[in-house]
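Enquirer: Just so we're aligned: 68 in my numbering is position 63 of the sequence shown, and the numbers increase by one with no gaps anywhere. Note that the Cβ used here is the ideal one computed from N, Cα and C, for glycine as well. What you are looking at is a predicted structure, and each value in this text was computed from that prediction instead of being measured.
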Amino acid sequence: MVNKQFSAWAPVISGVPQGSVLGPLLFLIYVNDLPDWIKYDMRMLADDTKIWNRIGGLTDCVRLQADLDQLHAWSDKWLLSFNPDKCKVMHVGHDYRFLYTIQQNNSTYKLSAATEEKEFGDCGY
Numbered sequence: 006m007v008n009k010q011f012s013a014w015a016p017v018i019s020g021v022p023q024g025s026v027l028g029p030l031l032f033l034i035y036v037n038d039l040p041d042w043i044k045y046d047m048r049m050l051a052d053d054t055k056i057w058n059r060i061g062g063l064t065d066c067v068r069l070q071a072d073l074d075q076l077h078a079w080s081d082k083w084l085l086s087f088n089p090d091k092c093k094v095m096h097v098g099h100d101y102r103f104l105y106t107i108q109q110n111n112s113t114y115k116l117s118a119a120t121e122e123k124e125f126g127d128c129g130y
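1. So, helix, strand or coil for S117, using DSSP?
2. Could you name the residues that DSSP lists as bridge partners for D53?
3. Rounded to the nearest angstrom, how far is the Cβ of I43 from that of D72, given a contact under 8 Å?
4. First and last residue of the beta strand (DSSP E) that includes I107?
5. Taking one C-beta from the segment 55-62 and one from the segment 80-90 each time, how about it: are there three or more such pairs within less than 8 Å?
6. Please name the residue or residues paired with K93 in a DSSP beta bridge.
7. When we look at the beta-carbon of I34 and count the other beta-carbons within 10 Å, is it buried (16 or more) or exposed?
8. Whose C-beta lies closer than 6 Å to the C-beta of H77 among residues of the same chain, with five residues either side of it excluded?
9. Is DSSP giving S112 helix, strand or coil here?
10. For M47 and P40, what's the separation of their Cα atoms in angstroms?
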């Protein structure tokens with residue numbers, strides 16, 4: 006309520022209210038089970054998620070792709086989409102050129118390779 010006025014009700018099929026005091030807490034509760042779906046290492050901060058693993062061969066590449074597929078399954082379950090344009094793969098210290106993909110909205114997207122990435126919370130200051 007603002008100035009004794011309420012906004013109109015609207016149907017919400019998923020997600021968390023934006024601009025609210027409880028929004029950040031509700032979002033954390035909403036995504037709290039995501040690490041349970043992933044086998045390799047993972048870090049989350051706000052709405053950013055990173056997964057990674059040491060790659061020693063093709064088997065590790067396939068396992069990492071399986072985690073990406075699990076992200077898709079989680080995303081479908083909770084109706085919370087990832088933005089494929091912001092999803093990237095970074096190869097550090099090896100030359101295995103596996104084609105990683107992510108699925109979203111019944112489409113398969115190839116993950117582009119990045120040579121650098123900002124760390125969580127890095128605002129460029």
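Expert: According to the structure shown:
1. DSSP places S117 within a strand segment (E or B) once states are collapsed to three.
2. DSSP lists L50 as the bridge partner or partners of D53.
3. That belief holds up - the Cβ atoms of I43 and D72 are roughly 5 Å apart, short of 8 Å.
4. From DSSP, the beta strand (DSSP E) with I107 extends over T106 to Q109.
5. Contact between the segment 55-62 and the segment 80-90 is absent, with fewer than three C-beta pairs closer than 8 Å.
6. Checking the DSSP bridge columns, you'll see K93 partnered with S117.
7. Exposed, by the Cβ-count rule.
8. So the list reads Q108, once near-sequence residues are dropped.
9. Reduced to three states, the DSSP call for S112 is strand.
10. Their backbone Cα atoms lie some 7 Å apart in a straight line.
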